[in-house]
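Report on the following structure.
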Amino acid sequence: MLTTNEVGQVFDTILSSPGMNDAVRIDMRISRKNVLLMTHVIEYGLTEKGEGSTSLFATASKEARQELIDISNEFLEKAALSELSEKLKALATSK
1 MLTTNEVGQV FDTILSSPGM NDAVRIDMRI SRKNVLLMTH VIEYGLTEKG
51 EGSTSLFATA SKEARQELID ISNEFLEKAA LSELSEKLKA LATSK
């Protein structure tokens, strides 16, 4: 089994491979349900709960994390789910 440091090195190596910073265009159609689920998965991965010692999120730079947050917010806006997502977050934190 790999140690935390070794896993971090593997992820860092993969992320620094040639072409990994190149922008790509992704044209896809997914349901609003999946947009909502995907944005919550991203959010969960960026929280301390989701950052396990072998998590790719744990090795990502602050800039990469912010870009994921921005992409997630853009998906919510395009799917007209921003308000619903905020209300769901408020319900989850009110427990």
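Just so we're aligned, residue 1 is where the sequence shown starts under my numbering, counting upward by one. We treat Cβ as the ideally placed atom computed from N, Cα and C, and that holds for glycine.
Kindly list the residues whose CB is nearer than 8 angstroms to the CB of residue i, restricted to its own chain and excluding five residues on each side of it in sequence; keep chain order.
i: L46; result: F57, R65, L68, I69
i: G8; result: A58, T59
i: K87; result: none
So, under 8 angstroms CB-CB, residue i and residue j are touching, yes? Tell me the CB distance rounded to an integer number of Å.
i: V35; j: A79; result: 4 angstroms
Out of the options, state which residue places its alpha-carbon closest to the alpha-carbon of residue i.
i: L76; options: T39, T4, P18; result: T39
i: R32; options: S82, S61, D22, S94; result: S82
i: A60; options: I14, M1, K89; result: I14
i: E63; options: E74, Y44, K87, N21; result: N21
Taking the CB atoms as reference points, tell me whether residue i and residue j lie closer together than 8 angstroms.
i: S72; j: I42; result: yes
Ignore the nearest five residues each way along the sequence and tell me which others in residue i's own chain have a CB closer than 7 angstroms to its CB.
i: S85; result: L36, T39, L76
Enumerated in chain order, which unbroken segments of the alpha helix (DSSP H) with a length of 4 residues or greater are wholly contained in the region 20-79? 32-46, 56-59, 62-78
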